[in-house]
Every structure is written in C-alpha cells, then in structure tokens.
Amino acid sequence: MSDPGRRLITGFSNPTVKALRALREKKHRKAAGTFLAEGLRLLTDALECGHVPQVLVLASGRDPHPLLDRLEQAVFAAGGEVIETSADILGKITGKDNPQAVAGVYDEFDTSLAALDRAAAPIWLVAQALRDPGNLGTMLIALPVAVLVLKMGRETIGATFSVAREPNIAIIADKYGLKGPEGIGVMGVYVVGTMFGTLWFALMAGYLLSLDIFDPRALAMACGVGSGSMVAACSGALTAMMPEMGDSLLAFAGASNLLTYATGLYVCLFLALPMAEWLYKLLTRNRANSTSTDSALDATLGASVSDPDQERPEKNLGQTAVAVAIVCAVAWISNIVNGAPLMQALPGIIILYVMSMIGLGIARIMPFYLPSIAWVSLVSIIATVPGFPGSAWMVSQLSHVNFLAIVTPVLAYAGLALANREFTMFRKTGWKLIITALLVFTGTFLGSAIIAQIFL
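The sequence shown begins at 18 in the numbering used here and counts up by one.
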C-alpha cells in the first residue's frame, strides 16, 4: 500500500464510504457533480472514450486482470485515487448484494448536442426518444415470409406487429376483435411464446453472445422486449456466461423491460401496427385473388367476422362497468390464491378498477378514436407519476397486486371466447403461426440488439 494515491478502507462508517454511497441518489450526484459507475467492462469502455475516474474503488482479494491494471495506471497518471476495500463495503457503496469487483467515480459531463465536436467525425448519429425499436426487425423478417412464403392472410398483421405481450393483445382486441383473423394471429403468437418463447430467447442470447459480435449490454437490452419469463431466461443466460457483469446486465434488461411496458404500447399502436397494415397491403397487392385467408374461411364456415366497433367496451359503459367489476373480483381472488393477504391487495384492485373506468369514460367522450387501452394506460401513467397527488400511496397499494396472477383469468377468458370458427382457422394455419412466431421473436430480438449496439 505504499503507492501514492492508494489507500485501504476497512470501516463502514468511514466518511468516504458515506460520500460514495450518497452518489446513488440523484440530488447528491447533482450537488457533487459526479456519478458512480460499476463494472470492469463499463469502466474500460469509459476509459477508451477518454473518461478517467477520479476515484477507483477495488474489492480486496480480487483476481488480477490486465484491464484493472490499466485502469489503475490511468487513475494514477491523472492524479486520482485508488481505494481498496472489502466486498461488503463495496456492496454498501453500490447498493448491490453481489457487487462487481470495481467501481469508479466520474465527473459529470455535458451530453447535449451543443457540446458535440461536430468536426471530430463526418457523421453523427443521435438517439432521441428511442423506444421499443425491435418491431422494425420483426416486420422486415417475419411479415414478408408469412405473406410471400407461407401465403398467410390478415392474421399476419396480428401475428407480426409485435411479440404479442398482453398489452399488444389488448390493442388487437380493441381494434379488430379477437375473433377476427388479426385476433387469431396475435393469440397464436402469444400461445407459441408461452410454450417456446422463453427457451428461444435464452438460446438466442447465449448464441449471439458466444459469437462476440454484440456488446453484452446490447443483448441484455434486447432481452427486455420479451415477457417477464423471457426476460428472466434471456438475462439469466447472459449472466451465466458473464458473471462478472451480472448486476449490470440484469439492470439493463430490467430497464429495457420497464421502458417497453411504459412506452411500447403507443409505439405499437401508432407506428408498428400501421406499418404492418401498409406492408401487408403492399405485399398482397399483386395477388390474383385479393381475398385473404380469413375471408376464404368465412366463406367455408358461413360466418363473418364481428364488427369490433360494436364490441368496444366504451360503447356501453354501464354493462362494461359491471363486467370490469367482475373481472377485478376474479383478479382479486386469483391474487389471493397466489399468496397475497386478503385485504392487503383490495385497495390496489379498486385503484385498477377506477383507473380503467376513467380511461373508458375518456374514450367514450373523445371526438376522435383512440383505443380504450391507450386511454387507460395514459390515465394509469399520469396517476402514478411522481409528483401527482396521491401517487406514492397508489404505487404502494399497487405493489401488493401480483400482475401475473391477475392476467391469468383474463387470458383464460380470451381462450373461452374462441369458437368453432377460430379453431378451424387455427388448424389451417397452426404450423404457419409457429414458424411466424419464431421469426417474430428472432426479428424483434435482433432488431433491438442491433439498435442498442449502435447507440451504446
């Protein structure tokens, strides 16, 4: 420990430990003008971009690594400080139960467009409000194959505009109805995703990481576009292969998943679904018979697709209020079956009911059409955003609601709504939907990983 600029910290109450731990909070980062980063890969990437930490914190007893030696030399050369401490103290600083072996304190720097040295490169690519980009890859890969190779009809639109998460099913149900070909498509992909999606995402993540083409963080962000089980399996495969980046990879996957749930609904509604409609019409314009697969089935079965305009829940608020109340009661029971205390989850269920009815009421009175799921989502986001009156209380009550538990009876009801016509369509297009679903998952994952790689 005779090197200048190096010291050992052994106590949790050390003022330096308290100061470093405070950087986990935004107000302290803003006051100090510094921030804390963790992980050898992240700090090495920062060093390659010219950013040297003021303070380098290392876990004692760590395995030697040339990249760590390089970081230490850079910190000493810049007049910084290297601190060695125990893994427990490092965990307290970073807020992680299983911290990585290195963390660094950096000066905040200006990331605005005005601060860019535009002469430093001939082309600059700037990510602005990037959200749920993987659907582009989905449509470019899955939709042409489904239409041109598999000769599928309008069920292609429901099957390929997204990875068929629960909000995406709600979009199709509201716009087309689940009994139409688009509904068959989205439900087919959802079923395939439930059975094979978790394994498929995990295999893709592990294989692409082994090729050493993508940054592991980009693959972790791509994991976030799937359902909860897909995210868990996908990020788990990455952390098993790179345990030293485990916490960072899980953080990237979790943040991506949260962002996808918060904004992906609107991206799918206003961008992905219209693009899928346009691309489908473009690819089918030269067909000898313009009727789609679902139209042919209608002729065979003597049935017609119900008009979704007549089925929209906001058309009859009284009947819908009763139906939503029954759904909430079933969801409450389902939540209790999954281990939640009887009365603890009740306020959260009531909050969900009120938010849903407010959103449906807005959809009813608005002079322009926007799917009710979009209004319900918007109301929920506004009501729980920090700063909104009572948002903290609502969030605390909603935390007692197991959302996977309450989705189960809703999806079961959707399955019970399927009749002979829908099963006939499933039989005619079942194997095609399986191929399409796997292409959807592959396209979404690859599209998200490529865009994340570009902007990292």
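Just so it is clear, CB atoms sit at the ideal spot from N, CA and C, and this is done for glycine as well. Nothing here was measured: the structure is a model prediction, and the numbers come from that model.
What first and last residue would you give for the beta strand (DSSP E) that runs through residue i?
| i | result |
| --- | --- |
| residue 75 | 72 to 76 |
| residue 100 | 98 to 102 |
| residue 123 | 119 to 124 |
| residue 54 | 51 to 55 |
Please say whether residue j and residue i have beta carbons closer to each other than 7 Å?
| i | j | result |
| --- | --- | --- |
| residue 449 | residue 169 | yes |
| residue 193 | residue 200 | yes |
| residue 239 | residue 462 | yes |
| residue 394 | residue 401 | no |
| residue 123 | residue 45 | no |
| residue 460 | residue 159 | yes |
| residue 75 | residue 119 | yes |
| residue 470 | residue 231 | yes |
| residue 188 | residue 288 | no |
| residue 49 | residue 121 | no |
| residue 218 | residue 247 | yes |
| residue 207 | residue 190 | no |
| residue 23 | residue 99 | yes |
| residue 375 | residue 396 | yes |
| residue 299 | residue 178 | no |
| residue 502 | residue 162 | Examination of residue 502 is not possible in this model, given that the chain is present from 18 through 473 alone. |
| residue 61 | residue 84 | yes |
How close, in whole Å, do the beta carbons of residue i and residue j come, if the pair is a contact with beta carbons under 8 Å?
| i | j | result |
| --- | --- | --- |
| residue 237 | residue 255 | 6 Å |
| residue 51 | residue 164 | Their Cβ separation, rounded to whole angstroms, is 53 Å, which puts residue 51 and residue 164 out of contact at 8 Å. |
| residue 242 | residue 277 | 5 Å |
| residue 411 | residue 368 | 6 Å |
| residue 264 | residue 43 | The pair is not a contact, with the Cβ atoms about 19 Å apart (cut-off 8 Å). |
Just the C-alpha distance for residue i and residue j, rounded to the nearest angstrom, thanks.
| i | j | result |
| --- | --- | --- |
| residue 311 | residue 354 | Note that residue 311 scores 45 on pLDDT, short of 50, meaning its location in the model is unreliable; the coordinates nonetheless yield the value given after this. C-alpha separation (whole angstroms): 39 Å. |
| residue 382 | residue 335 | 14 Å |
| residue 561 | residue 349 | In this structure the chain extends from 18 to 473, so residue 561 is not present and cannot be described. |
| residue 318 | residue 196 | In this predicted model, residue 318 has a pLDDT of only 38, less than 50, meaning its place in the structure is not dependable; the value taken from the coordinates is given anyway. Spanning the two alpha carbons is a distance of roughly 13 Å. |
| residue 282 | residue 186 | 10 Å |
| residue 175 | residue 209 | 14 Å |
| residue 322 | residue 252 | Note that residue 322 has pLDDT 45, beneath the 50 cutoff, so the model's placement of it is unreliable and no number is given. |
| residue 29 | residue 41 | 16 Å |
| residue 150 | residue 229 | Unreliable placement is indicated for residue 150, whose pLDDT of 49 sits below 50; no coordinate value is reported for it. |
| residue 63 | residue 57 | 10 Å |
| residue 132 | residue 387 | 39 Å |
| residue 32 | residue 110 | 12 Å |
| residue 324 | residue 157 | Per-residue confidence for residue 324 stands at a pLDDT of 48, beneath the threshold of 50, marking its modelled position as unreliable; no derived number is given. |
| residue 280 | residue 391 | 10 Å |
| residue 73 | residue 97 | 8 Å |
| residue 268 | residue 451 | 31 Å |
| residue 366 | residue 233 | 38 Å |
| residue 327 | residue 358 | Residue confidence for residue 327 is low, a pLDDT of 48 falling below 50, so the modelled location carries little weight; the figure read from the coordinates is stated next. If I take the Cα positions, the gap works out to 39 Å. |
| residue 453 | residue 171 | 13 Å |
| residue 362 | residue 78 | 46 Å |
| residue 244 | residue 466 | 16 Å |
| residue 103 | residue 211 | 43 Å |
| residue 308 | residue 173 | Low confidence applies to residue 308: its pLDDT is 45, below 50, so where it sits in the model is not reliable, and the reading given next is rough at best. In a straight line, the C-alpha of residue 308 is about 14 Å away from that of residue 173. |
| residue 5 | residue 259 | Because the chain here runs from 18 to 473, residue 5 falls outside it and cannot be looked at. |
| residue 225 | residue 257 | 14 Å |
| residue 377 | residue 364 | 20 Å |
| residue 293 | residue 235 | 25 Å |
| residue 468 | residue 399 | 29 Å |
| residue 373 | residue 274 | 23 Å |
| residue 128 | residue 36 | 25 Å |
| residue 464 | residue 458 | 10 Å |
| residue 105 | residue 25 | 14 Å |
| residue 371 | residue 249 | 31 Å |
| residue 284 | residue 136 | 34 Å |
Could you check where the alpha helix (DSSP H) with residue i kicks off and where it finishes?
| i | result |
| --- | --- |
| residue 236 | 233 to 240 |
| residue 292 | 290 to 301 |
| residue 90 | 83 to 94 |
| residue 481 | Only positions 18 to 473 of the chain appear in this structure, which leaves residue 481 out of reach. |
| residue 35 | 32 to 39 |
| residue 208 | 198 to 209 |
| residue 414 | 408 to 415 |
| residue 183 | 183 to 192 |
| residue 172 | 172 to 177 |
| residue 402 | Premise fails: residue 402 is in no alpha helix (DSSP H) and is neither H nor E. |
| residue 418 | Here residue 418 belongs to no alpha helix (DSSP H), and DSSP marks it neither H nor E. |
| residue 216 | 215 to 227 |
| residue 364 | 363 to 382 |
Pull the bridge partners of residue i from the DSSP assignment, please.
| i | result |
| --- | --- |
| residue 23 | 99 |
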